[in-house]
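Structure first, then comments.
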Ligand code: PHE
């Protein structure tokens with residue numbers, strides 16, 4: 001599959017529309033549906049959380065899904081290329097999205113490594129007692145993770161996880177390195193299998209004693225929670241994460257469609273399939289929580305736990321309790337559950353890697369698909385081993401997960417602004433409508449131009465403000481300096497994005513902002529929030545001014561305008577309808 005810059009290679013193609021939809025659903029339906037969604041629901045007021053969730057789905061999730069699939073297919077490129085073709089000034093947003101996706105992929109693979117370990121142990125103890133039978137909490141934090149918050153243990157590798165991690169990355173490489181043809185086949189298994197397993201587990205769960213209490217807890221609303229802006233931010237974050245929008249994944253996947261493929265309906269199918277699966281997963285989790293509460297003679301709110309421990313402590317505890325119903329139940333359900341997690345996660349993981357590969361290949365002619373995937377899989381393994389699969393891995397993971405969500409919500413915001421204001425929106429709408437079974441009405445325009453960006457600005461702003469004024473996330477158990485990891489990560493995303501897009505002016509602005517911030521902090525001894533806010537003002541105002549002046553100076557340059565305000569032009573697009581193998585760029 002080598003290619004030289006002189007003979008552009010035909011773009012890789014899905015075998016069918018069905019393959020594309022399955023792959024998109026596979027990317028969306030992932031660990032997030034089982035591990036993140038139920039946790040967000042109970043933190044966000046049970047049934048009441050469905051309100052911000054559905055609002056976020058309709059005002060941001062679906063419009064952005066359509067947008068991403070639309071631009072990917074229209075511009076036939078991964079995120080950086082597609083965004084660059086809309087407006088040259090925004091290539092960096094594409095790279096930023098990929099940077100966020102990369103970090104998520106790196107810890108996502110480690111969660112899969114946990115699942116491998118549990119699956120292995122369940123099979124090994126199929127005839128005896130499961131190793132976490134005594135105390136699942138001690139087992140997870142002790143035997144598996146050896147969790148430690150001491151600075152000297154931060155980088156101590158947990159070997160049981162390394163095997164699973166290697167297995168995960170090897171699988172990802174095997175699946176994606178030859179292009180999307182194989183991806184299209186793999187998803188025929190990895191999409192229906194976990195959903196089927198979820199149904200089986202739901203049936204088992206709902207027929208358990210106490211299941212009703214759990215469901216009641218899941219669905220009963222606590223409306224007071226809706227006053228908290230953080231709940232809304234979480235709902236938006238969950239929708240983005242769950243639908244895989246804001247990472248360039250759907251852009252890359254859609255770029256492997258022929259130009260004449262449906263967009264809108266595919267986006268709807270993917271979104272609804274994903275959220276329905278989340279809803280189903282909620283039943284699986286909460287029915288079992290109800291059962292657990294009855295068994296341990298407490299109420300459901302005493303047994304629920306946040307984050308990962310839901311999947312690796314609470315659910316496993318309940319599995320052990322199934323032993324009362326017959327000794328064969330625990331290992332059987334354990335195997336089904338962890339198999340479900342693995343098959344659920346793998347297609348999400350490789351979609352993130354695929355998106356990054358697409359970006360790199362579009363950009364650098366010497367990077368083939370094979371090379372790009374090899375480099376990323378190896379890098380993912382190495383980063384996983386040294387950070388997320390260590391005794392402090394949970395801390396790194398939690399921080400990365402929390403801060404990355406600002407990243408992808410920000411990408412969503414930028415995408416709306418770029419399409420809505422820095423590109424002729426009608427051109428995209430026209431293209432989408434020409435290709436799609438369902439036509440976009442005014443609501444889409446309204447969302448992309450107004451509703452989505454406004455709500456994202458409000459919730460991003462509220463979230464960041466809370467972050468700066470209240471406390472920096474990540475300080476709870478871990479060494480104090482680890483609070484800087486999150487903001488540092490975001491900063492690194494920006495630097496990487498500007499570098500890869502070769503947008504030096506933006507890079508320079510950012511660096512001077514950081515320098516000024518540090519000067520405020522160390523030089524003048526101002527507080528943390530004062531320093532951050534001060535330097536932020538500088539970056540936004542001076543940066544914005546600079547960009548506008550630059551645009552004004554080039555304003556008369558018609559050719560530049562051509563390049564900035566849209567590519568390809570209408571006639572060319574029409575010509576390209578059937579010629580899918582056009583020599584791009
Ligand atoms: N959507 C996946 C999930 O819910 C996670 C994911 C995020 C996949 C980003 C791709 C990109 O688990």
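Residue numbers (my numbering): 1 to 585.
No residue lacks a Cβ here, since even glycine has one placed at the ideal position from N, Cα and C.
| Check | Outcome |
| --- | --- |
| Contacting residues, own chain, Cβ-Cβ under 6 Å from residue 351 (five flanking each side not counted) | 27, 249 |
| Closest Cα partner of residue 117 within the set 159, 89, 91 | 159 |
| Sub-8 Å separation of residue 119 and residue 335 beta-carbons | yes |
| Other residues of its chain near residue 581: CB distance less than 6 Å, five sequence neighbours each side excluded | The pLDDT assigned to residue 581 is 42, lower than 50, so where the model puts this residue is not dependable; a value taken from the coordinates is nonetheless given after this. Cβ neighbours of residue 581 beyond the five flanking positions: 10. |
| DSSP state of residue 221 mapped onto helix, strand, coil | strand |
| Cβ pair count under 8 Å reaching 3, the region 65-72 against the region 245-259 | yes |
| Close-in-space but distant-in-sequence residues of the same chain around residue 557 (CB under 8 Å, 5 per side omitted) | Residue placement at residue 557 is flagged as unreliable, the pLDDT there being 46, under the threshold of 50; a coordinate-derived value is accordingly withheld. |
| Assigned secondary structure, residue 390 (DSSP; H/G/I helix, E/B strand, else coil) | strand |
| contact_flag[the region 103-116, the region 261-275] where n(CB pairs < 8 Å) is 3 or more | no |
| Residue 77 - DSSP class collapsed to helix/strand/coil | coil |
| Closer than 7 Å: residue 352 CB and nearest ligand 1 heavy atom | yes |
| Buried/exposed call for residue 469, threshold 16 Cβ in 10 Å | exposed |
| Cα-Cα separation between residue 78 and residue 307, rounded to whole angstroms | 31 Å |
| Contacting residues, own chain, Cβ-Cβ under 6 Å from residue 89 (five flanking each side not counted) | none |
| Residue 312, buried or exposed, once every other Cβ within 10 Å from all chains shown has been counted against 16 | buried |
| Residue 115: CB within 7 Å of a non-hydrogen atom of ligand 1 | no |
| Option in 505, 178, 281, 275 with minimal Cα separation from residue 201 | 281 |
| Option nearest residue 543 by Cα separation, candidates 522, 527, 503 | 503 |
| Environment of residue 16 [buried if 16+ CB atoms lie within 10 Å] | exposed |
| Backbone secondary structure at residue 375 - three-state DSSP | helix |
| Residue 262, buried or exposed, once every other Cβ within 10 Å from all chains shown has been counted against 16 | buried |
| Nonlocal neighbours in the same chain, by C-beta distance under 8 Å from residue 131, ignoring five residues either side | 121, 125, 139, 143 |
| Environment of residue 275 [buried if 16+ CB atoms lie within 10 Å] | buried |
| Proximity winner among 484, 394, 345, relative to residue 528 (alpha-carbon distances) | 484 |
| Secondary structure of residue 157, DSSP reduced to three states | strand |
| Segments assigned alpha helix (DSSP H), at least 4 residues, entirely inside the region 219-285 | 229-243, 249-255 |
| Bridge partner(s) assigned by DSSP for residue 46 | 221 |
| Bounding residues of the alpha helix (DSSP H) (the contiguous stretch that carries residue 189) | 180-190 |
| Cβ-Cβ distance between residue 32 and residue 113 below 8 Å | no |
| Closest Cα partner of residue 437 within the set 83, 230, 264, 492 | 264 |
| CA-to-CA distance, residue 390 to residue 146, given in whole angstroms | 8 Å |
| beta-carbon residue 410 near ligand 1 non-hydrogen atom, thresh 7 Å | no |
| Local Cβ density within 10 Å of residue 505, reported as buried at 16 or more and exposed below that | exposed |
| Local Cβ density within 10 Å of residue 398, reported as buried at 16 or more and exposed below that | buried |
| Which of helix, strand or coil DSSP assigns to residue 126 | coil |
| Where the alpha helix (DSSP H) through residue 361 begins and ends | 329-363 |
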